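J.: Sharing a structure with you now.
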Amino acid sequence: MELRIRIESTSLPENDPRPVRGYTGGTLSEPTIRPIPMAFEMLRTLSAGRVSERLPIVLWQERSDSEDFTQAYQHLDFMSIYIAQRGSGVHLVEEVPFAVQAGDVYAMSMGMSHRFEASGDLSLDAIHFVPTMFGSEILNGLSEVEGLVPLFLGHPGGEVERWLRLDPAAHAQVQEMVRDLHREWERDAADRALMVQAIFLRLLVFLGRRHHSERPLESNLVSGVREAIESRYAEPLRIHDLAASVFLSPGRFTELFREAVGCSPREYLSGVRIRAAQDLLRTTDLAVSTIAVRIGIPDRAYFARFFRQETGMSPTEYREASLISR
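Here is the structure:
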């Protein structure tokens with residue numbers, strides 16, 4: 368049976384998964400809570416003796432009656448799938464509130480932060496994983512599953528694309544797969560690790576098929592990665608991680624990106640960082656070393672070489688030239 372959520376202060380229709388942007392009650396209007404950074408190795412440490420010893424996958428249960436249910440976290444280097452098993456509540460992802468109910472499935476990419484609002488009966492299964500648990504051939508195959516990449520990346524302004532609402536029959540199938548996944552994951556063994564990979568792969572393909580998107584795969588893939596680069600360029604982004612976030616090998620990812628954008632992902636990242644540095648040099652009095660850190664290159668000497676290579680002048684020369692031209 369599907370449970371439905373009704374929030375009195377918004378006109379959000381029942382069964383509509385859009386963000387609860389009209390919500391005006393309680394803590395949703397309070398200042399942003401600083402999330403606790405969470406790396407995958409921290410999760411692995413909490414899962415000793417399980418398949419996580421062999422594979423980068425951790426199974427978690429989020430329950431509204433747990434002490435840390437409302438704590439904010441940032442997932443630094445892993446992706447997550449949330450499957451609402453029963454109850455209803457509100458989950459804030461990147462501070463955008465979503466009404467959640469039994470049967471909802473949604474995903475989070477690397478670097479995203481989230482927190483739950485206090486709720487009386489919400490219970491979810493969370494699957495935290497690093498995509499490189501699969502080899503290049505399987506990653507490339509997953510990237511071609513219609514609907515899977517949009518579920519994890521969406522597209523600029525398209526939060527709804529990260530969302531999947533299962534009908535009761537499909538929800539029952541997913542619940543069965545998650546139960547099988549838990550049974551195999553609970554104890555560390557080579558055969559269990561193989562079963563975890565197989566069951567999780569089946570689950571991903573099932574969700575991708577259910578989430579079939581009308582937008583072309585390459586369009587979603589490239590627009591989502593471009594959005595990630597433009598919003599996270601100050602972080603130590605690696606092409607390997609960007610490729611894994613869309614279930615592709617680095618070579619295939621670079622090929623698709625170049626076809627769509629006209630340059631490689633590395634060249635695109637360099638361009639975004641250079642434009643950000645130029646803007647800061649023109650409009651602020653920040654030290655060059657500070658600007659280097661802000662654009663994701665903490666080594667000042669390397670930043671100076673990088674800037675000269677891209678613009679033909681040093682950061683100081685660029686700043687002086689921009690002052691003269693004003």
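FYI, the numbering for the sequence shown is 368 to 693, going by the numbering used here. We put the CB at the ideal spot given by N, CA and C, even for glycine. Please read these numbers as outputs of a predicted model, since none were measured by experiment.
Nearest by alpha-carbon distance to E461: which of E677, A565 and F483 is it?
T.: Nearest C-alpha to E461: F483.
J.: Would a C-beta distance cut-off of 8 Å place M446 and M477 closer than the cut-off?
T.: Yes. Within cutoff.
J.: Give a yes or no on whether the C-beta atoms belonging to A610 and P603 are separated by under 8 Å.
T.: The answer is no: Cβ separation not under 8 Å.
J.: Within its chain, find whatever has a CB closer than 7 Å to the CB of H549; leave out the 5 residues flanking it on each side and keep chain order.
T.: L426, listed in sequence order.
J.: Which term fits A560, buried or exposed, when burial requires 16 or more other beta carbons within 10 angstroms of its beta carbon?
T.: Classification of A560: buried, given that the 10 Å Cβ count is 16 or more.
J.: So, is A565 buried or exposed, given that buried needs 16 or more other C-beta atoms within 10 angstroms?
T.: The residue is exposed, with fewer than 16 neighbouring Cβ atoms inside 10 Å.
J.: I'd like the list of long-range same chain contacts for L533, defined as Cβ closer than 8 Å, with 5 residues on each side in sequence excluded.
T.: These residues qualify, in order along the chain: G470, D471, V472, V541 and R577.
J.: Run through the DSSP bridge pairs and tell me what E429 is partnered with.
T.: In DSSP, E429 forms a bridge with L491.
J.: Just curious, the alpha helix (DSSP H) that P682 is in, first and last residue?
T.: Taken as a continuous stretch (DSSP letters only), the alpha helix (DSSP H) holding P682 covers P682 to I691.
J.: So the candidates are V660, L647 and I664; which of them puts its Cα closest to the Cα of F685?
T.: First, the amino acid is wrong: residue 685 is Tyr here, not Phe. The shortest Cα separation from Y685 among V660, L647 and I664 belongs to L647.
J.: Return the first residue and the last residue of the beta strand (DSSP E) that H481 is part of.
T.: Element bounds for H481: S480 to F483.
J.: With distance defined between alpha-carbon atoms, name the residue in F567, T651, I505 and A671 nearest to L690.
T.: Ranking F567, T651, I505 and A671 by Cα distance to L690 puts T651 first.
J.: To the nearest angstrom, how far is the alpha carbon of R649 from that of A643?
T.: If I take the Cα positions, the gap works out to 10 Å.
J.: To the nearest angstrom, how far is the alpha carbon of V563 from that of G629?
T.: C-alpha separation (whole angstroms): 39 Å.
J.: Thinking C-beta only, is G456 closer than 8 Å to S480?
T.: No, they are not a contact pair.
J.: Between the alpha carbons of S419 and Q428, how many angstroms are there, rounded?
T.: Their backbone Cα atoms lie some 15 Å apart in a straight line.
J.: Nearest-angstrom Cα distance between F519 and V545?
T.: Cα to Cα, F519 sits roughly 19 Å from V545.
J.: Sort T412, A485, Y449 and L443 by Cα distance to E434 and report the nearest one.
T.: Residue A485 is the option with its Cα nearest to E434.
J.: Please determine, among V572, D558 and L623, the residue with the shortest C-alpha to C-alpha distance to S590.
T.: Measuring from the Cα of S590, the nearest candidate turns out to be L623.
J.: Using DSSP bridges, identify the partner residues of Y440.
T.: Beta-bridge pairing links Y440 to I403 and H481.
J.: Give every residue of the same chain whose Cβ lies closer than 6 Å to the Cβ of P402, excluding the five residues on either side of it in the sequence, and list them in chain order.
T.: Contacts found: A439, Y440, Q441 and S480.
J.: Leaving out five residues before and five after A557 in sequence, what residues of the same chain have Cβ atoms less than 8 Å from its Cβ?
T.: Once the five neighbours on either side are set aside, the close Cβ partners of A557 are R421.
J.: Roughly how many angstroms separate the alpha carbons of V467 and L491, rounded to a whole number?
T.: Spanning the two alpha carbons is a distance of roughly 10 Å.
J.: Answer with buried or exposed for T694, where buried requires no fewer than 16 other C-beta atoms within 10 angstroms of its C-beta.
T.: It is not possible to answer for residue 694, since the shown part of the chain is limited to 368 through 693.
J.: Mapping DSSP to helix, strand and coil, what is A601?
T.: Coil.
J.: Assuming L570 and L531 are in contact, meaning their beta carbons sit under 8 Å apart, how far apart are those beta carbons, in whole angstroms?
T.: Not a contact, Cβ separation roughly 12 Å.
J.: Three-state secondary structure (DSSP) at I606?
T.: Residue state, collapsed to three classes: helix.
J.: Around the Cβ of A688, are there at least 16 other Cβ atoms within 10 angstroms (buried) or fewer (exposed)?
T.: So A688 ends up on the exposed side.
J.: Would V463 be called buried (16 or more neighbouring beta carbons within 10 Å of its own) or exposed?
T.: Its Cβ having fewer than 16 others within 10 Å, V463 is exposed.
J.: Could you pull out every residue in the same chain whose Cβ sits closer than 7 Å to the Cβ of R599, ignoring the five residues on either side in sequence?
T.: Correct list, in chain order: G478.
J.: Compare the C-alpha of A595 against each of M475, I448 and A451 and name the closest.
T.: Of the listed residues, the one whose Cα sits closest to A595 is M475.
J.: Which of the three DSSP states, helix, strand or coil, is assigned to A611?
T.: Helix at A611.
J.: With a threshold of 8 Å on Cβ separation, who are the neighbours of V613 within its own chain once the five nearest residues in sequence on each side are excluded?
T.: Closer than 8 Å at Cβ, skipping near neighbours: S510, V516, F519, L520, L588, G591, V592 and F620.
J.: What is the DSSP secondary structure of R554, counted as helix, strand or coil?
T.: Looking at R554 - three-state DSSP - the assignment turns out to be coil, as it is neither helix nor strand.
J.: Starting from L531 and walking both ways along the beta strand (DSSP E), at which residues does that stretch end?
T.: L531 -> beta strand (DSSP E) spans W530 to R532.
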